[in-house]
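Residue numbers (UniProt numbering): 1 to 657. Heads up, the beta-carbon is just placed ideally off N, CA and C, and yes, glycines get one too. Below is one structure, written out as structure tokens; comments come after it.
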């Protein structure tokens with residue numbers, strides 16, 4: 001700090017004041033020398049005092065600065081050596097050049113100087129190599145937040161073990177709300193007497209109460225088929241670790257009583273707000289039921305969904321009440337629209353085309369214009385044969401339009417019906433989906449995470465063999481304005497036959513009822529066989545894929561096509577179907593190139609193995625017995641390795657969701 005007199009703002013005014021004072025005293029001495037002399041003496045004393053005080057202040061300031069510098073230096077040394085912050089200097093070869101005592105004590109060493117990071121803290125090396133500024137790592141059972149200063153090759157270590165434990169405790173103790181639903185309770189108890197129904201209720205309640213008590217879950221029955229469960233995130237982790245064994249316990253115990261009851265559980269987690277947790281739990285339950293029930297769905301805050309269970313095929317509903325209600329709602333929505341556009345998935349199969357023709361008939365029965373959106377360049381051989389037959393029927397063929405034409409004629413009052421898919425990314429034209437607000441979804445696949453937003457009506461029944469079966473049932477409850485033509489009935493029957501592999505897979509009593517209805521309206525089974533015929537070259541190509549088959553696990557076979565041979569999705573699926581007919585095969589997987597940068601995998605099973613879950617782990621989906629996926633920018637060998645890992649995860653983890 002400078003002397004006061006050395007400051008320009010003080011020095012010049014002070015000197016000016018002294019000069020003026022001396023001049024005035026000089027004038028005063030001229031008239032009275034005694035007073036002047038006294039003035040000179042007094043002024044001199046004051047000036048002397050000013051300089052003395054200034055000198056003293058300057059000395060005190062210098063002493064203060066000297067003391068403060070010493071203290072700051074001392075504090076710096078104390079902080080460097082004594083504070084609970086680790087400091088480490090390393091060289092370019094990852095050898096430690098210097099550390100403070102704190103970090104050495106954390107490693108239970110007197111000194112770390114000269115040691116390699118590879119030996120004492122190898123977790124730090126990736127952080128240095130990648131020039132990460134800060135990251136939390138674990139060293140010697142403690143967690144440290146490491147701050148990296150690349151220019152100085154300096155590392156700071158902040159012990160955050162207690163903070164991490166508190167955060168973990170907070171996450172573990174967060175509330176989880178779950179809704180437990182008895183899938184087929186109403187169906188099973190319809191014909192029961194009161195005593196049998198009471199016995200079933202007691203059995204299920206006893207099983208669930210025991211499960212809740214053993215796991216620390218609060219359980220409350222809120223209706224005959226619904227329970228509310230409240231527990232913590234920590235308990236949820238334990239339940240996930242056990243793959244929600246309560247699903248198996250309820251199914252197996254009730255099966256012994258000849259009343260095979262299954263559970264669906266929707267879990268709400270990751271939120272602090274109870275209303276949000278309740279909404280998430282209900283949404284998760286809807287998702288579990290949409291996938292056929294007998295499973296747990298956990299919707300996470302990041303939008304991802306985890307599934308557990310789903311070991312059994314969806315149970316077929318005995319009554320058609322829902323079909324009648326949906327059919328009536330569909331009729332009302334069709335009547336309120338100016339026209340109906342029907343769209344299936346990309347590369348449509350017989351089921352997509354057949355069900356689209358069925359919905360077209362619904363529109364015509366309600367005296368509304370209907371059009372089927374399709375891309376003539378994206379259809380397989382079987383569908384092409386069907387389209388060739390349709391071309392002979394001008395009134396029906398004129399109803400098929402391109403996505404561009406559909407976009408042009410769409411209006412605010414247009415109704416869009418999506419058939420045989422519920423995923424926006426799989427529809428023929430996603431732009432059309434975004435253009436039209438009034439949307440109906442009719443599908444028989446298990447519901448996945450991706451779903452069309454805000455549909456007016458959703459009819460998803462995973463128990464159904466095909467979308468064509470669902471649409472056929474809807475047709476039965478429509479106004480009888482116009483007879484179903486032979487070709488229309490045949491297209492619907494072809495969809496059912498293809499998806500059931502000629503009534504061998506996923507076939508229930510209602511499947512045969514639908515087929516019978518179509519047959520009574522002129523469906524031609526000979527014509528269906530004509531559509532499904534394949535040429536010799538296709539047969540040979542499929543045989544070449546199959547010849548590479550091998551058993552990967554007990555009952556599981558994998559076959560891989562050549563890298564230089566491209567196969568369409570139909571051929572890959574047919575190869576998987578063929579393998580499933582072989583003795584000793586319970587699940588088949590076929591890998592083949594579909595294009596230069598795309599690998600297709602088709603999966604089939606007899607029901608013991610849930611191939612849907614395996615394919616979902618590879619970003620695909622489908623049914624419990626029928627699923628597929630596509631992979632990009634990898635080789636068939638890499639795809640084979642990923643598939644093997646997914647199968648291992650499924651089998652070894654017991655994860656049969």
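Exposed unless 16 or more other CB atoms sit within 10 angstroms - verdict on residue i
i: residue 462; result: buried
i: residue 357; result: buried
i: residue 255; result: exposed
i: residue 343; result: buried
i: residue 367; result: exposed
i: residue 231; result: buried
i: residue 2; result: Per-residue confidence for residue 2 stands at a pLDDT of 46, beneath the threshold of 50, marking its modelled position as unreliable; no derived number is given.
i: residue 194; result: exposed
i: residue 604; result: buried
i: residue 447; result: buried
i: residue 612; result: buried
i: residue 105; result: exposed
i: residue 257; result: exposed
i: residue 23; result: exposed
i: residue 27; result: exposed
i: residue 388; result: exposed
i: residue 218; result: exposed
i: residue 348; result: buried
i: residue 42; result: exposed
i: residue 444; result: buried
Cβ separation of residue i and residue j, assumed to be a contact under 8 Å, to the nearest whole Å
i: residue 581; j: residue 607; result: In fact, because the Cβ distance is near 15 Å, the residues do not count as touching under 8 Å.
i: residue 124; j: residue 146; result: 6 Å
i: residue 157; j: residue 85; result: 7 Å
i: residue 362; j: residue 321; result: With 8 Å as the limit, residue 362 and residue 321 do not qualify as a contact, their Cβ atoms being about 19 Å apart.
i: residue 465; j: residue 496; result: 6 Å
Residue i, DSSP secondary structure in three states
i: residue 138; result: strand
i: residue 519; result: helix
i: residue 438; result: strand
i: residue 415; result: strand
i: residue 544; result: helix
i: residue 1; result: Unreliable positioning characterises residue 1 in this predicted model, as indicated by a pLDDT of 41, which lies under 50. A coordinate reading is not provided.
i: residue 229; result: strand
i: residue 261; result: coil
i: residue 245; result: coil
i: residue 361; result: helix
i: residue 39; result: helix
i: residue 206; result: helix
i: residue 590; result: strand
i: residue 507; result: coil
i: residue 652; result: helix
i: residue 379; result: coil
i: residue 657; result: Its pLDDT being 39, under 50, residue 657 is placed unreliably in this model, and the value from its coordinates should be taken loosely. Correct three-state label for residue 657: coil.
Contacting residues, own chain, Cβ-Cβ under 8 Å from residue i (five flanking each side not counted)
i: residue 426; result: 345 and 346
i: residue 107; result: 120, 121, 139 and 140
i: residue 285; result: 179, 181, 264, 265, 266 and 297
i: residue 29; result: 35, 36, 37, 39 and 40
i: residue 399; result: 360, 370, 371 and 372
i: residue 252; result: none
i: residue 304; result: 449
One or two residues paired with residue i in a DSSP bridge
i: residue 345; result: 427
i: residue 632; result: 598
i: residue 99; result: 88
i: residue 460; result: 443
i: residue 157; result: 86 and 146
i: residue 468; result: For residue 468, which the question treats as bridged, DSSP gives no partner whatsoever.
i: residue 559; result: 590
i: residue 295; result: 309
i: residue 371; result: 341
i: residue 553; result: 556
i: residue 107; result: Paired residues: none, contrary to the question.
Beta-carbon contacts of residue i that lie in its chain and below 7 Å, excluding the five residues immediately before and after
i: residue 491; result: 353, 354, 357 and 386
i: residue 546; result: 559, 575, 578 and 579
i: residue 551; result: 557
i: residue 376; result: none
i: residue 654; result: Unreliable placement is indicated for residue 654, whose pLDDT of 47 sits below 50; the coordinate value is still reported in the next sentence. Excluding positions up to five away in sequence, the list reads 243.
i: residue 476; result: 517
i: residue 487; result: 389, 390, 393 and 396
8 Å Cβ cutoff, residue i in contact with chain B
i: residue 237; result: The structure shown has no chain B; it contains just one protein chain.
Residues near residue i in its chain [Cβ-Cβ closer than 6 Å; skip 5 each side]
i: residue 563; result: 636
i: residue 19; result: none
i: residue 494; result: 350, 354, 528 and 531
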